[in-house]
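**Q** All letters in the sequence shown, in the order written, are residues -5 to 278 by our numbering. Every residue, glycine too, gets a C-beta built ideally from N, C-alpha and C.
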Amino acid sequence: MEAHAGRGGMPSTVAETASGRCRGPARARGALLLTAAGLAVAQGGPGITALGPVRQRWFPGLAGLGKADHVALTFDDGPDPGSTPRFLELLGSARVHATFFLLGSMVARAPGLAADIAAAGHEIAIHGWDHRYLVLRGPRGVRDDMSRARDTVAEVTGAAPRFFRPPYGVLSGGALAAAWWLGLTPVLWSSWGREWKRGATPDSVYATITRDLAGGGTVLLHDCDASSPPGTWRAALGAVPMLLDECARRGLRVGPMRDHVGHLGTGRRPGGQPSAPGPASTII
Ligand SMILES: [Zn+2]
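#1: Reducing DSSP to helix, strand and coil, say where Arg244 ends up.
#2: So does Asp217 have its beta carbon nearer than 7 Å to some heavy atom of ligand 1?
#3: Between Leu285 and the rest of its own chain, which residues show a CB-CB distance below 8 Å, the 5 nearest in sequence each way excluded?
#4: Locate the beta strand (DSSP E) running through Gly69, then write down its first and last residues.
#5: Does DSSP put Pro79 in a helix, a strand or coil?
#6: Are the CB atoms of His254 and Lys61 nearer to each other than 8 Å?
#7: Let me check understanding here. Comparing Cα to Cα, which of Thr151, Thr204, Pro224, Thr179 lies closest to Ala104?
#8: Can you tell me where the beta strand (DSSP E) holding Glu117 begins and where it ends?
#9: By Cβ distance below 6 Å, which residues in the same chain neighbour Thr93 in space, the five residues on each side in sequence not counted?
#10: Apply the 10 Å Cβ neighbour rule to Thr195 and answer buried if 16 or more other Cβ atoms are within range, or exposed otherwise.
#11: Look at Trp183 and Gly58 and say whether their C-beta atoms are less than 8 Å apart.
#12: When you measure from the CB of Pro223 to every non-hydrogen atom of ligand 1, does any distance come out below 7 Å?
#13: Assuming Met140 and Gly122 form a contact by the criterion Cβ under 8 Å, report the distance between their Cβ atoms to the nearest whole angstrom.
#14: Under 8 Å Cβ to Cβ from Val199, same chain only, skipping five residues before and after it: list those, please.
#15: With a CB to CB cut of under 8 Å and the five nearest residues on each side skipped, what residues in its chain are close to Cys218?
#16: With distances taken from CA atoms, which of Gly210, Pro223, Pro161 is nearest Arg244?
#17: Looking at the strands, I want to know which residues DSSP matches up with Pro180.
#18: Among the residues of its own chain, which have a CB less than 6 Å from the CB of Pro160, if the five just before and after it don't count?
#19: Please report the straight-line C-alpha distance between Asp145 and Leu82, rounded to a whole angstrom.
#20: Can you tell me where the beta strand (DSSP E) holding Leu165 begins and where it ends?
#21: Within 10 Å of its beta-carbon, does Ala242 have 16 or more other beta-carbons around it, so buried, or fewer, so exposed?
#22: Using beta-carbon positions only, say whether Val181 and Thr212 come within less than 8 Å of one another.
#23: Identify the continuous beta strand (DSSP E) that holds Thr212 and give its terminal residues.
#24: Looking only at its chain, what residues have a beta carbon closer than 7 Å to the beta carbon of Arg80, apart from the 5 residues adjacent to it on each side?
#25: Going by C-alpha to C-alpha distance, which of Lys191, Thr204, Asp206, Ala208 sits closest to Ser222?
#26: Quick check: does the Cβ of Pro161 come within less than 7 Å of any heavy atom belonging to ligand 1?
#27: With DSSP run on the structure shown, which of helix, strand or coil describes Trp123?
#28: When DSSP labels each residue in this structure, what does Ser185 get in the three-state scheme?
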């Protein structure tokens, strides 16, 4: 879950050049990292969703903006045996692949299900080990959390995760540094369903998504209610067919992040050493 009711969390915490290439001297990048950390704290409160347009304008990679004829479909917080299989069934019948940002703690409880997600052809990504605000943890704790999640997810699924989305969508300087070290590219979203809001329905989720839906966008939904009111995943599940129909009507392909932002790379292999010095992702 990224921004549960009343929790907010839509930061624009890192600077990324429009060309997707890292620029500027190391000192400048360090300053930006510190700025990002400060912004992450400052922007962690409720109401930050209003800054979504700012993020999309100035930090397009972080906002998940990719190919203009494509929409990235992403799910966070799983896997959960009580709900994730329903999403796999639906996506399988629609012949659509998505990106699942998994929690390491959830994977540890359902490793077979995590493997099933990967075996079905979906992209595996990292959401951390615990669902906690990273800005409230020290750099070592953040790195340990992300490293543990990355290693467990990679071992269980056999996948090489490329993308990382922080819990609540709130980054920190420590998280950015850990992501770089682990070869993960941070990515948030450009539209969401807010299905975690109590009382949400498939129609309300669909209406919320389409408010910001556009080619090149990344949609955030949740395939479980581990971090939200019980049963809220059903609203997300019910909205997916409508979303797929709408994208088809607009001539937009729907798929995982790997098909959305192919130019984003990490330069590292999970468990491996950096292939080159310096940040290899497009994030400062
Ligand atoms: Zn989450």
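**A** The structure says:
#1: Residue state for Arg244 is assigned as coil, using DSSP reduced to three classes.
#2: False, no ligand heavy atom lies under 7 Å from that Cβ.
#3: Residue 285 lies beyond the range of the chain shown here (-5 to 278); nothing can be said about it.
#4: Per the sequence shown, residue 69 should be read as Phe rather than Gly. 64 to 70 is the span of the beta strand (DSSP E), which, as asked, contains Phe69.
#5: It is helical.
#6: Yes. Within cutoff.
#7: Comparing Cα positions, the closest option is Thr151.
#8: In the DSSP assignment, Glu117 falls within the beta strand (DSSP E) that extends over 117 to 120.
#9: If we look at Thr93 and ignore the five residues flanking it on each side, its Cβ neighbours are Thr68, Glu117, Ala119, Pro250, Met251.
#10: In summary, Thr195 is exposed, with fewer than 16 beta-carbon neighbours lying within 10 Å of its beta-carbon over all protein chains present.
#11: Contact: yes.
#12: Short note on Pro223: C-beta not closer than 7 Å to any heavy atom of ligand 1.
#13: Distance from Met140 to Gly122 at the Cβ level is roughly 6 Å; contact confirmed, criterion being Cβ atoms closer than 8 Å.
#14: These residues qualify, in order along the chain: Gly187, Arg188, Glu189, Leu215, Ala229, Ala230, Gly232, Ala233.
#15: If we look at Cys218 and ignore the five residues flanking it on each side, its Cβ neighbours are Asp71, Gly72, Pro73, Asp74, Gly76, Ser77, Thr78, Met100, Trp227.
#16: It is Gly210 whose Cα lies nearest to the Cα of Arg244.
#17: According to DSSP, which records beta bridges pairwise, Pro180 is partnered with Phe158.
#18: Leu128, Ala169, listed in sequence order.
#19: Asp145 and Leu82: Cα-Cα distance of roughly 23 Å.
#20: Judged by DSSP secondary structure, Leu165 falls outside any beta strand (DSSP E); it is assigned neither H nor E.
#21: A residue is called buried once 16 or more other Cβ atoms fall within 10 Å of its Cβ, and Ala242, having fewer, is exposed.
#22: Judged by beta-carbon spacing, Thr212 lies within the 8 Å limit of Val181, meaning their Cβ atoms are closer than that value.
#23: It spans 212 to 216 - the beta strand (DSSP E) in which Thr212 sits, taken as one unbroken run.
#24: If we look at Arg80 and ignore the five residues flanking it on each side, its Cβ neighbours are Leu231.
#25: For the options Lys191, Thr204, Asp206, Ala208, the alpha carbon positioned closest to that of Ser222 is the one of Lys191.
#26: Yes, the beta carbon of Pro161 sits closer than 7 Å to at least one heavy atom of ligand 1.
#27: Here Trp123 carries a coil assignment [DSSP, helix/strand/coil].
#28: The answer is strand: DSSP assigns Ser185 an E or B state.
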